Amino acid sequence: MAAKTDTHSDTQNETPQDADLGAAGSQLSTAPKEEVSFPSLGPIGWARWFWRQLTSMRVALILLFLLSLGAVPGSLIPQTSIDPVKVDQFKEQHDILGPVYDKLGMFHVYSSVWFSAIYLLLFISLIGCIVPRTWQFVGQLRGRPPGAPRRLTRLPAYATWRTTAEPEQVLEAAQRTLKKRRFRTHIVGTSVASEKGYLREAGNLIFHIALIVMLVAFAVGNLWKSEGGKLIAEGDGFSNSLTQFDDFKSGPFFDTDDLAPFGFQLDKFVATYERGGPQNGTPRIFRADVTYFSGADGKEHKTSIKVNEPLDIGGDRVYLLSHGYAPDVTVKDGTGKVVYEGAVPFLPQDPKNFTSSGVVKVPGAKTKDGKKNQLGFQGFFVPTFGGKGSGSMFSVFPALDNPRLTLTAYHGDLGVDSGLPQNVYQLETKNLKQYKVDGRAVAQMMSPGQAMKLPNGDGSIKFNGVKQWASFKISHQPGNGLALGGAVAALLGLAGSLFIQRRRVWVRAEPGPDGVTVVEIAGLGRSESAKLPEELADLAYTLQPDAPQAPEPEPETEASDPEDSAEPTDSAGNADPSEGARA
301 MAAKTDTHSD
311 TQNETPQDAD
321 LGAAGSQLST
331 APKEEVSFPS
341 LGPIGWARWF
351 WRQLTSMRVA
361 LILLFLLSLG
371 AVPGSLIPQT
381 SIDPVKVDQF
391 KEQHDILGPV
401 YDKLGMFHVY
411 SSVWFSAIYL
421 LLFISLIGCI
431 VPRTWQFVGQ
441 LRGRPPGAPR
451 RLTRLPAYAT
461 WRTTAEPEQV
471 LEAAQRTLKK
481 RRFRTHIVGT
491 SVASEKGYLR
501 EAGNLIFHIA
511 LIVMLVAFAV
521 GNLWKSEGGK
531 LIAEGDGFSN
541 SLTQFDDFKS
551 GPFFDTDDLA
561 PFGFQLDKFV
571 ATYERGGPQN
581 GTPRIFRADV
591 TYFSGADGKE
601 HKTSIKVNEP
611 LDIGGDRVYL
621 LSHGYAPDVT
631 VKDGTGKVVY
641 EGAVPFLPQD
651 PKNFTSSGVV
661 KVPGAKTKDG
671 KKNQLGFQGF
681 FVPTFGGKGS
691 GSMFSVFPAL
701 DNPRLTLTAY
711 HGDLGVDSGL
721 PQNVYQLETK
731 NLKQYKVDGR
741 AVAQMMSPGQ
751 AMKLPNGDGS
761 IKFNGVKQWA
771 SFKISHQPGN
781 GLALGGAVAA
791 LLGLAGSLFI
801 QRRRVWVRAE
811 PGPDGVTVVE
821 IAGLGRSESA
831 KLPEELADLA
841 YTLQPDAPQA
851 PEPEPETEAS
861 DPEDSAEPTD
871 SAGNADPSEG
881 ARA
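Using the numbering used here, the letters of the sequence shown map in sequence onto residues 301 to 883.
This is how it looks when you write it as structure tokens:
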């Protein structure tokens with residue numbers, strides 16, 4: 301048996317040798333052929349040239365890279381849609397970069413003109429590239445493998461031998477063996493044509509279609525999304541309506557009337573911390589125990605929300621973001637009436653030990669004479685006070701070991717009646733006067749149960765205790781499932797296009813000049829691979845029982861010249877299908 305296993309195949313470049321392959325070496329890929337000719341001048345010619353460039357896979361990959369590169373500023377630079385306060389702070393801190401970034405759309409990357417242009421061009425490029433390749437692939441699936449080329453010896457993997465079996469018997473055995481190996485086969489004349497590895501092109505198409513699905517999911521998620529935040533103290537609740545959100549933003553096509561009917565109540569927030577060692581103060585448990593209801597029936601259920609373990613209600617997800625402390629206070633005015641009672645959330649200034657600041661606003665207070673006297677208190681809260689020797693009002697541990705509340709009292713006009721929006725966590729002191737006694741500001745540090753009296757009999761404020769609060773994000777992302785499906789399909793398609801090899805195998809059986817059947821096996825792959833010669837050798841070995849190798853003919857000798865009897869008249873070599881087997 302003679303075999304040739306050199307694997308230098310390059311079916312993309314046409315050579316005189318490849319010209320002998322004809323249709324057998326064509327259409328191993330659905331990639332469109334590149335034309336070297338330049339388009340003719342004129343609008344139609346330039347439009348055709350631009351369309352060919354846009355729908356090429358090379359441009360699609362470049363646009364995909366630009367889209368990934370364009371998303372980097374959206375992660376590094378504050379975005380208006382996420383945190384407009386940080387955007388304003390960035391502009392104040394960077395006098396030069398701020399205006400430049402604003403003109404370039406860096407503060408709203410995903411809705412900027414340049415990002416949208418890349419996104420749309422990539423979308424068009426992928427569709428324009430996939431549609432013709434899909435039809436071409438469907439045509440290949442409906443067709444049959446091409447017949448064997450005239451010279452099988454020109455193929456990169458080749459084997460031949462002589463057998464005593466009949467050609468029809470060899471072809472039937474070869475077709476039967478190839479079908480068992482999941483080749484598509486059919487007999488063309490004196491040869492069996494077979495092909496395998498169509499899933500490579502299918503995987504390639506699935507990968508690019510999955511990219512389109514992911515782009516669609518990204519668009520759906522941005523056009524129909526909604527997202528809002530809510531800070532809730534223990535014992536308080538939330539109902540999924542627009543007025544309940546502390547902040548809310550949505551996509552341009554989202555209708556606030558479509559908010560899912562659900563709500564929940566924060567029953568208790570549980571947080572424990574490491575005590576001692578190098579990880580002192582590190583959170584160990586961070587959990588919000590809630591009671592929620594969904595739908596019109598309002599049936600209540602109890603569950604817990606943890607970091608990275610959101611609560612899924614009616615297609616919306618409730619994420620636990622952060623937590624803090626809310627001192628519970630009772631305020632009485634000069635008439636002795638309770639004008640405010642409840643927990644006031646204080647925002648952490650020290651995220652490690654939760655030194656927090658906050659304000660208490662009481663617009664309905666009166667003096668002892670019954671005159672209007674709005675009260676304001678600005679203060680600090682520490683869950684664990686270090687003691688008088690600690691030097692300042694800072695917490696030394698995040699847990700509620702030794703809570704203290706320090707308040708400074710003001711009175712006058714809080715500005716809540718002006719109609720202008722105010723920050724509930726800041727006290728506008730422009731129209732307020734600070735309470736003073738003997739020239740000193742009225743301020744007091746209180747433990748739970750203590751109270752601070754105001755001068756002139758204007759009332760008092762009592763520190764009752766401490767509740768915890770938690771901050772939640774309620775998110776509605778309709779494209780998440782579609783994006784996940786697209787990502788999974790893209791991985792499967794990419795794996796198929798990388799690990800599956802498309803190849804063609806031909807088996808030819810013809811009678812030689814001496815009547816002995818000559819068998820030729822040859823293979824052609826889309827890319828160079830050592831597995832093709834191995835597969836051909838294994839096929840030849842499998843065919844041996846049905847096509848056993850015949851003995852080589854003895855070389856002929858000339859009787860007139862005995863001295864030359866040792867020299868053969870013809871040399872044995874690989875069979876040439878155009879000449880038949882040489883004996």
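We put the CB at the ideal spot given by N, CA and C, even for glycine. Here the structure is a predicted model, which means the values were calculated and not measured.
- Non-local beta-carbon contacts of W524 in its own chain, meaning distances under 7 Å to residues more than five positions away in sequence, involve G551, F553, F554 and P778 in chain order.
- Taking a cut-off of 8 Å for Cβ pairs, the stretch 409-425 and the stretch 350-368 touch, as three or more such pairs fall below it.
- The three-state secondary structure of F564, taken from DSSP, is strand.
- Nearest C-alpha to Q844 among G398, T477, S416 and M406: T477.
- Selection A465, Q726, W806 and G815 evaluated against G447 yields W806 as nearest (Cα-Cα).
- Listed in chain order, the beta strand (DSSP E) elements of length 3 or more contained wholly in the stretch 467-502 are 484-488 and 491-496.
- In this structure the stretch 556-567 lies against the stretch 522-541, because at least three pairs of beta carbons, one per stretch, are closer than 8 Å.
- Ranked by Cα distance from T464, the options D814, L832, E834 and L531 are led by D814.
- DSSP places E834 in no beta strand (DSSP E) but in the uninterrupted alpha helix (DSSP H) bounded by K831 to L843.
- Counted as a single uninterrupted DSSP element, the stretch harbouring V372 is not any beta strand (DSSP E) but the alpha helix (DSSP H) occupying residues M357 to L376.
- With respect to Q436, F407 sits apart: the two C-beta atoms are not nearer than 8 Å.
- In the three-state reduction of the DSSP assignment, T453 falls in the helix class, which pools H, G and I.
- Residue pairing by DSSP places E609 opposite K606 in a beta bridge.
- Within 10 angstroms of the beta-carbon of D738 lie fewer than 16 other beta-carbons, which makes it exposed.
- DSSP lists F564 and H601 as the bridge partner or partners of Y592.
- Secondary structure at V659: strand, using DSSP grouped into helix, strand and coil.
- Counted as a single uninterrupted DSSP element, the stretch harbouring I430 is not any beta strand (DSSP E) but the alpha helix (DSSP H) occupying residues V413 to R442.
- The beta carbon of P755 sits closer than 8 Å to the beta carbons of Y735, K736, V737 and V742 from its chain, once the five residues preceding and following it are set aside; these are given in chain order.
- Minimum Cα-Cα distance from A837 among the listed residues W461, E609 and Q389 corresponds to W461.
- For E527, the three-state secondary structure derived from DSSP is strand.
- Comparing alpha carbon positions, the residue from P648, F564 and A665 closest to G658 is P648.
- Counted as a single uninterrupted DSSP element, the alpha helix (DSSP H) harbouring G398 occupies residues L397 to L404.
- A distance below 7 Å between beta-carbons, with the five flanking residues on each side excluded, links N731 to the following residues of its chain, in chain order: G712, D713 and G715.
- In the three-state reduction of the DSSP assignment, D633 falls in the strand class, which pools E and B.
- Separation of the CB atoms of D717 and G634 is rounded to 20 Å, and the pair is thereby denied contact status at 8 Å.
- DSSP, reduced to helix, strand and coil, places V788 within a helical segment of the structure shown.
- Boundaries around E392 are those of the alpha helix (DSSP H), P384 to Q393, since no beta strand (DSSP E) includes it.
- Listed as beta-bridge partners of L647 by DSSP are S657.
- DSSP links F586 through a beta bridge to A571.
- For I821, the enclosing beta strand (DSSP E) begins and ends at T817 to G825.
- Per DSSP, the continuous beta strand (DSSP E) segment holding I761 begins and ends at G759 to H776.
- For L354, there is no enclosing beta strand (DSSP E); the enclosing alpha helix (DSSP H) covers residues P343 to L354.
- Taking K661 as the centre and dropping the five residues before and after it, the same chain places the C-beta of G676 and L714 closer than 6 Å to its C-beta, in chain order.
- Across the structure, V818 and T355 are spaced so that their CA atoms are roughly 48 Å apart.
- It is roughly 18 Å from the alpha-carbon of P853 to the alpha-carbon of E466.
- If you draw a straight line from the Cα of S622 to the Cα of S771, it is about 5 Å long.
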